[in-house]
Structure formats: structure tokens, C-alpha cells
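In my numbering, the protein residues as written are 3 to 187.
Input: a single structure, listed below in C-alpha cells.
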Amino acid sequence: MPELVRPTTAVHASYLEAVAEFQAEGRGAPDDDSLLGRDIRTYGRHWHEPAGFAAFVAATVADAEEDTPRPPGFVPSTVLWWIDGDTFIGRLSIRHRLTRRLLDWGGLIGYDVRPTARRRGHATAMLRASLPAARRLGHERVLVTCDHDNVASRKVIEANGGVFEDRRAEKLRYWIDTGGQSGLA
Numbered sequence: 003m004p005e006l007v008r009p010t011t012a013v014h015a016s017y018l019e020a021v022a023e024f025q026a027e028g029r030g031a032p033d034d035d036s037l038l039g040r041d042i043r044t045y046g047r048h049w050h051e052p053a054g055f056a057a058f059v060a061a062t063v064a065d066a067e068e069d070t071p072r073p074p075g076f077v078p079s080t081v082l083w084w085i086d087g088d089t090f091i092g093r094l095s096i097r098h099r100l101t102r103r104l105l106d107w108g109g110l111i112g113y114d115v116r117p118t119a120r121r122r123g124h125a126t127a128m129l130r131a132s133l134p135a136a137r138r139l140g141h142e143r144v145l146v147t148c149d150h151d152n153v154a155s156r157k158v159i160e161a162n163g164g165v166f167e168d169r170r171a172e173k174l175r176y177w178i179d180t181g182g183q184s185g186l187a
């Protein structure tokens, strides 16, 4: 049964397989401004070595700390991985606060499911399981965005109680109440 966990070296081989899948669809390219894209460019050349992967995992976990150095405009975020045993399925990031850019574009929660695991309900379950963790971080409701033409992501958000607010540029913006949900973190 899949579960949300803190990043762990226990899924090293499976994580590398998932990243290869993401890269095959263009993730990690210079114009990929997502968290996953930045991680691929920053850490990808060191992931094949256990020590390099362990350093990546430690840095990812440390990003939740307020005093961890980060690029200007970035906020602390708690990253959780959706795994089943030793199989990495996806990742989710809960940002600790909104900036103007996150309010308009990125939201408080972002997620990725590896291509070979899509269309099986993982994104819906992963987002649902993250809501108690968001609540513990002080969010009574979270902003989740998706591209206007991403029907699958829109359905994930709506299945988790997302209430549409508006469209800003290419992004649809939804708010989800974090109370009363069950899940892991």
C-alpha cells in the first residue's frame, strides 16, 4: 500500500528509474523551472553514487527548515515521497507560505507522479494524504494550481475538494480545506 514518507535512500534505485522516465518527457531541461527540474540539474550528476543520493536526500529534508539557504524568493518546503515498499511513485512539496509568485502560479502544494504510475489514482491519494501535513504546518486551506489544459490534474484537485477561484495566465487556481482529512506524513 503506497504511503507518504520523508525522502529516504531506501528507494535509490527506483528513484533513478523514475527520474529517467521524467527526463524522457523533457523534465530537467534548462527551461524546466519546477522543483523536480531544478533537482535534476543540481543533483542529477551525483545521484548514481549512494553518497551523492544521500546528500540529495539530506538537502531535500533540510529544505523544510527556515534557516536552510535557498535561492531568493524561495520559501521552506516540506517534501514527501509517495512510495510502495522500495518503489518510488511520486513526490509532493508543501510550501510553508505563499509568495506573490506562488499565489499567482505555483500554489502551496505541488506534486509529480512518475509517468509509468500515472492514471492509477496515485496523485489523488497522494494529495489527500498530504492535507493533514499541510494542516500541521499551519495551513487551514491550501492553494493548488494546475495548467489550464491539464485535465488530469484538475480532476485530482477537484476530487480532493478543490474549489475553483480563478485563472491567472495559464494556471487554474483552487483552494482545498485541510481539516477533517485522513492521511500520512
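Think of the CB as a built atom: it goes at the ideal place given N, C-alpha and C, for glycine as much as any other residue.
* So what does DSSP say about V191, is it helix, strand or coil? -> Residue 191 is absent from the model: the chain starts at 3 and stops at 187.
* What are the partner residues of F90, as DSSP defines its beta bridges? -> I85
* If you check the beta carbons only, do K173 and D149 fall under 8 Å apart? -> yes
* Taking only the alpha-carbon atoms, compute the straight-line gap between A66 and V21 and give it to the nearest angstrom. => 22 Å
* To do: Below 7 Å CB to CB, which residues in the same chain sit around A56 once its five sequence neighbours on both sides are set aside?
  => T11
* Flag this pair as yes or no: are the beta carbons of L145 and G181 separated by less than 8 Å? => no
* Can you grab the Cα-Cα spacing for the pair K157 / R130, in whole Å? => 13 Å
* To do: Identify which residue in H141, E142, I159 and R102 has its Cα closest to the Cα of A125.
  => I159
* To do: Please confirm if the segment 114-125 is in contact with the segment 68-81, defined as three or more CB-CB distances below 8 Å between the two stretches.
  => no
* **When A127, H98, A60 and V63 are compared against G92, the one with the closest alpha-carbon** => A127
* To do: Can you grab the Cα-Cα spacing for the pair P32 / G46, in whole Å?
  => 13 Å
* **Coarse secondary structure for G54, derived from DSSP in three states** => helix
* Would you check if the distance between the CB atom of R43 and the CB atom of G28 is smaller than 8 Å? => no
* Asked: Under 8 Å between the Cβ atoms of V153 and I85?
  -> no
* To do: Express the C-alpha separation of Y176 and G164 in angstroms, rounding to a whole number.
  => 5 Å
* Go ahead and pull the three-state DSSP assignment for L38. => helix
* Can you grab the Cα-Cα spacing for the pair R169 / G123, in whole Å? => 25 Å
* Using CA coordinates, which residue listed in G87, G39 and G112 is at the minimum distance from H98? -> G112
* Beta carbon of P9, beta carbon of V81: below 8 Å? -> yes
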